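Colleague: Dropping the structure in here first, questions after.
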DNA sequence: TCAATAGTTTGGTTAGGATCGAACTATGAA
DNA sequence: TTCATAGTTCGATCCTAACCAAACTATTGA
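Written out as C-alpha cells, the structure reads:
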C-alpha cells in the first residue's frame, strides 16, 4: 500500500503532458529558465510556474536563481535514469504509427541523453568499444578493461578524477530509439564533453539533437575503427 | 514534444493511486486475479476492471485467462525495472516521516523484487558475492567472475541455459529500502528460486515479504561466509 | 526614481477521469 | 437446466487539477 502511494506520487508528477514535456526538454542536460520551459510545454507562464513548483517540491527538479532568472535542471542522475526507463517502456509499445519526421531522424542519429551520447552514433560507439576490448560488456553489466583505460586516457579523459566520484564509470543505457544500449556513466559523459570540445559535434540550440561536422564525422568514424 | 507525450502517457498510467497499488502488488512477481487486485487497491470490481484494461491496453500488464479467472502480471522485466527506478526516486525524497511498522520491517529484511531477493538479506548476499570475488562489481556494472561460475554451478544453477536467454546474467538493482544494491538479472532470479526450493525461505501469501526458516537463516549465513 | 522583464499568486472556469451501483456476459458447478 | 461466481459495460456523479487572465513581487537597467 505504502509503496503504491510513493509510486503514484512520483509517477503522477511525470504523468501530466505539460510537465512531461518540460522533463523531456531537460533531458538535454542543460538548465532552462521558466519561460523557456513554458514555451517548450506550450503553456502560459503562470501555468508553467505552477508545474515547476510541483516538480521541485516533488524532488524531481533542482532550481538555481541567477538574477531575475530561474534555471531549472533535473535533480540528478537517478531522475534522468528514471525518465529514460519510462521512455524505454514507451518504446516497446509497438512501432510508431506515424512516420518519423526529419527532426525525429536527426534525434535518432545522434542526441544527448542527459549528459552522454545516444542515438545511432551512441550505439555505434558503444559497440565499437566493446568490440575493441576497451569495455567488457555482459549485456547490461559493463566494466572498464585495461586496454580501455589506456585508450580513454589517451583520448583526454581523467579517469582518476572520475574514480573518486560516487557515480559509476561505465553503465549501459537502453536507447529508446534503437532498442539497443549506449554508454552512460561518467566515462560516457566525459566522452561527449571531449567530443564537443574537439568540435566533432555541435549541440543544436534548445534541443537534444547533436549535429556532426563533416570532418567531425570522419574523425569519429576513424576513432570507432580504432 | 513527442518524447514528452510518450513519457506522460506511460507515467500517467502509473500515476493513479489505485493503479500504482496494483502494480506494486504485482512487483511480487506472482500473477493476481482482478478481484485480488481490486482488494489490494481498495476499489470495487468495476473500478478495478477499468484500471486493468487501461494498464493492459497501455502495455504494462499481460493477462492470461484461466477458466473464469483473469490473471494479471507485469508485462516484462522492463516494466518491473521502470517501477523500481520510480521507487528509487521516491526513496531519495527524504527519509520517511512515519516509523516503519512491523510489516515494513519484514519487508525491509527480505522481500521479493519482481523475481529476485531484495531487502537487507539481498544486499548482504550481493556484498558477500562481491567480497568473495564471485562477482566483479564496479558500482552498477556487475560481471560474473570465474570463481563465481564455479560457485553458482555448485549451488545448483544452470548457467549455460541462462546464457542462451536475452536477459543479462547479473545486474545491480538499487534497493529503495536500504539505498544500496542487490543482485538482479537471471542469476539473481535463479538464486531466489533455488533458495525457496531448498526451503531456506518461504514466501508469505499475497505479499512480497519473504520469511526465513530458522535453519534456513543459518544455512544462508553460512553461504555468505563462503 | 521609473520603466522593463522574469516570475509568482490569486481567483474563477472547465474538462477529464476516477468512482460506484446496476445491469449484463461468461464460465463452472450442481 | 439452474444457480453462483468472476468479470465487463453502462450511466451518472463528483472532484481534482490543469488552465488562463489579471494583479502582484522582484530584479535589472536607465
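Protein chains in written order, with our numbering: chain A, 13 to 238; chain B, 13 to 238. The beta carbon of each residue, even a glycine, is placed where N, CA and C say it ideally should be. Remember, predicted model here, so these are calculated numbers, not experimental data.
Would you identify the three-state DSSP class for residue 43 of chain B, choosing helix, strand or coil?
Modeller: The residue given as residue 43 of chain B occupies position 31 in the second chain. Coil, per DSSP.
Colleague: How big is the Cα-Cα spacing for residue 172 of chain A and residue 60 of chain B?
Modeller: For the purposes of this step, residue 172 of chain A is identified with residue 160 of the first chain, where counting begins at 1. For the purposes of this step, residue 60 of chain B is identified with residue 48 of the second chain, where counting begins at 1. If I take the Cα positions, the gap works out to 53 Å.
Colleague: Since residue 148 of chain A meets chain B, which of its residues come closer than 8 Å, beta carbon to beta carbon?
Modeller: Your numbering for residue 148 of chain A matches position 136 in the first chain. Neighbours of residue 148 of chain A on chain B, chain order: 155.
Colleague: With a cut-off of 8 Å on the beta carbons, I'd call residue 89 of chain A and residue 179 of chain A a contact; round off their distance for me.
Modeller: Within the first chain, numbered from 1, the residue matching residue 89 of chain A stands at position 77. Within the first chain, numbered from 1, the residue matching residue 179 of chain A stands at position 167. About 7 Å separates the two Cβ atoms, so the contact holds.
Colleague: Return the CA-CA distance between residue 222 of chain B and residue 39 of chain B, expressed in angstroms with no decimal places.
Modeller: Numbered from 1 along the second chain, position 210 holds the residue referred to as residue 222 of chain B. Numbered from 1 along the second chain, position 27 holds the residue referred to as residue 39 of chain B. Taking the straight line from one Cα to the other gives about 13 Å.
Colleague: From what residue to what residue does the beta strand (DSSP E) around residue 133 of chain B run?
Modeller: As a first step, residue 133 of chain B is located in the second chain; it is residue number 121 there, counting from the start. Careful: residue 133 of chain B lies outside any beta strand (DSSP E), inside the alpha helix (DSSP H) at 132–143.
Colleague: Flag residue 154 of chain B as yes when its Cβ comes closer than 6 Å to any non-hydrogen atom of the ligand ZN, and as no otherwise.
Modeller: By its list of ligands, the structure shown contains no ligand whatsoever, and the ligand ZN lies outside what it can speak to.
Colleague: With a threshold of 6 Å on Cβ separation, who are the neighbours of residue 122 of chain A within its own chain once the five nearest residues in sequence on each side are excluded?
Modeller: In the first chain, the residue the question calls residue 122 of chain A occupies position 110. Correct list, in chain order: 131, 133, 222.
Colleague: Nearest-angstrom Cα distance between residue 142 of chain A and residue 198 of chain A?
Modeller: In the first chain, residue 142 of chain A corresponds to position 130, counting from 1. In the first chain, residue 198 of chain A corresponds to position 186, counting from 1. About 17 Å.
Colleague: Which residue from A:26, A:18, A:37 puts its Cα closest to that of residue 29 of chain B?
Modeller: Position 17 of the second chain, counted from the first residue, corresponds to residue 29 of chain B. Residue A:18 is the option with its Cα nearest to residue 29 of chain B.
Colleague: What span of residues does the alpha helix (DSSP H) with residue 73 of chain B cover, start to end?
Modeller: What you label residue 73 of chain B is simply residue 61 of the second chain in a count that begins at 1. Counting along the chain, residue 73 of chain B falls outside any alpha helix (DSSP H), though it belongs to the beta strand (DSSP E) covering 73–78.
Colleague: Determine, for residue 200 of chain A, whether the minimum Cβ-Cβ distance to residues of chain B falls below 7 Å.
Modeller: Here residue 200 of chain A is taken as the residue at index 188 of the first chain, counted from 1. With 7 Å as the cut-off, residue 200 of chain A does not count as an interface residue toward chain B.
Colleague: For chain A, find out if any of its Cβ atoms is closer than 7 Å to the Cβ of residue 91 of chain B; answer yes or no.
Modeller: Taking the first residue of the second chain as 1, we reach residue 91 of chain B at position 79. With 7 Å as the cut-off, residue 91 of chain B counts as an interface residue toward chain A.
Colleague: Quick check on residue 80 of chain B: buried or exposed, where buried means 16 or more other Cβ atoms within 10 Å of its Cβ?
Modeller: For the purposes of this step, residue 80 of chain B is taken as the residue at position 68 of the second chain. Label assigned to residue 80 of chain B: exposed.
Colleague: Confirm, please, whether the CB-CB distance from residue 195 of chain A to residue 146 of chain A is below 7 Å.
Modeller: Taking the first chain and counting its residues from 1, the one referred to as residue 146 of chain A is at position 134. Taking the first chain and counting its residues from 1, the one referred to as residue 195 of chain A is at position 183. Taking 7 Å as the Cβ cut-off, residue 146 of chain A and residue 195 of chain A do not qualify as a contacting pair.
Colleague: When DSSP labels each residue in this structure, what does residue 26 of chain B get in the three-state scheme?
Modeller: Along the second chain, one-based indexing puts residue 26 of chain B at 14. If DSSP states are grouped into helix, strand and coil, residue 26 of chain B belongs with the helices.
Colleague: Taking only beta-carbon positions, decide if residue 221 of chain A is within less than 7 Å of chain B.
Modeller: The residue labelled residue 221 of chain A in the question sits at position 209 within the first chain. No, no contact with chain B.
Colleague: Please return the same chain residues whose Cβ sits closer than 6 Å to the Cβ of residue 109 of chain B, not counting the five positions on each side in sequence.
Modeller: The residue you call residue 109 of chain B lines up with position 97 of the second chain. Low per-residue confidence applies at residue 109 of chain B: pLDDT is 43, beneath 50, and the placement is therefore not dependable, though the value from the model is reported in the following sentence. Result list for residue 109 of chain B: empty, nothing under 6 Å.
Colleague: Can the beta-carbon of residue 193 of chain A be found closer than 7 Å to that of residue 186 of chain A?
Modeller: As a first step, residue 193 of chain A must be located in the first chain, where it is residue number 181. As a first step, residue 186 of chain A must be located in the first chain, where it is residue number 174. Yes, the Cβ-Cβ distance between residue 193 of chain A and residue 186 of chain A is below 7 Å.
Colleague: For residue 204 of chain A versus residue 128 of chain A, is the C-beta spacing smaller than 7 Å?
Modeller: Position 192 of the first chain holds residue 204 of chain A. Position 116 of the first chain holds residue 128 of chain A. Yes, these two residues count as a Cβ contact at 7 Å.
Colleague: Could you tell me which of B:207, B:42, B:71, B:16 sits nearest to residue 126 of chain B, measuring between CA atoms?
Modeller: Working through the second chain from its first residue, we reach residue 126 of chain B at position 114. Nearest option by C-alpha distance: B:42.
Colleague: Hey, residue 160 of chain A and residue 206 of chain A: beta-carbon distance below 7 Å or not?
Modeller: Within the first chain, numbered from 1, the residue matching residue 160 of chain A stands at position 148. Within the first chain, numbered from 1, the residue matching residue 206 of chain A stands at position 194. Taking 7 Å as the Cβ cut-off, residue 160 of chain A and residue 206 of chain A do not qualify as a contacting pair.
Colleague: Relative to chain B, which residues along the region 21–37 of chain A have a C-beta separation below 9 Å, given in chain order?
Modeller: From the region 21–37 of chain A, only 21, 22, 23, 24, 25, 26, 27, 28, 29, 30, 31, 32, 33, 34, 35, 36, 37 have a Cβ closer than 9 Å to chain B.
Colleague: I'd like to know whether the C-beta of residue 97 of chain A is nearer than 7 Å to at least one C-beta of chain B.
Modeller: Residue mapping note: residue 97 of chain A aligns to position 85 of the first chain, counting from 1. Yes, contact with chain B.
Colleague: Beta strand (DSSP E) containing residue 196 of chain A: first to last residue?
Modeller: In the first chain, the residue the question calls residue 196 of chain A occupies position 184. 193–196 is the span of the beta strand (DSSP E), which, as asked, contains residue 196 of chain A.
Colleague: The beta strand (DSSP E) with residue 148 of chain B in it runs from where to where?
Modeller: For the purposes of this step, residue 148 of chain B is taken as residue 136 along the second chain, with counting starting at 1. Segment 147–150, the beta strand (DSSP E) holding residue 148 of chain B.
Colleague: Interface residues of chain B around residue 102 of chain A at Cβ under 7 Å?
Modeller: Along the first chain, read from residue 1 onward, the residue named residue 102 of chain A stands at position 90. Near residue 102 of chain A (Cβ distances below 7 Å), the residues of chain B are 18, 19, 21, 22.
Colleague: Select from the region 61–74 of chain A all residues with a C-beta closer than 8 Å to any C-beta belonging to chain B, and list them in chain order.
Modeller: If the cut-off is 8 Å between Cβ atoms, the region 61–74 of chain A has 70, 71, 72 near chain B.
Colleague: Quick check on the burial criterion: 16 or more other C-beta atoms within 10 angstroms. Buried or exposed for residue 234 of chain A?
Modeller: For the purposes of this step, residue 234 of chain A is taken as the residue at position 222 of the first chain. Result: exposed.
Colleague: Comparing C-alpha positions only, which one of A:23, A:158, A:148 sits nearest to residue 94 of chain B?
Modeller: Numbered from its first residue, the second chain carries residue 94 of chain B at position 82. If we check each option's Cα against that of residue 94 of chain B, A:23 comes out closest.
Colleague: Let me know the secondary structure DSSP gives residue 55 of chain A once reduced to three states.
Modeller: Indexing the first chain from 1 puts residue 55 of chain A at position 43. If DSSP states are grouped into helix, strand and coil, residue 55 of chain A belongs with coil.
Colleague: What are the residues that DSSP puts in a beta bridge with residue 125 of chain A?
Modeller: In the first chain, counting from the first residue as 1, residue 125 of chain A sits at position 113. According to DSSP, residue 125 of chain A bridges with A:128.
Colleague: With a threshold of 7 Å between beta carbons, is residue 15 of chain A in contact with chain B?
Modeller: Indexing the first chain from 1 puts residue 15 of chain A at position 3. Chain B, which has a Cβ nearer than 7 Å to the Cβ of residue 15 of chain A, makes this yes.
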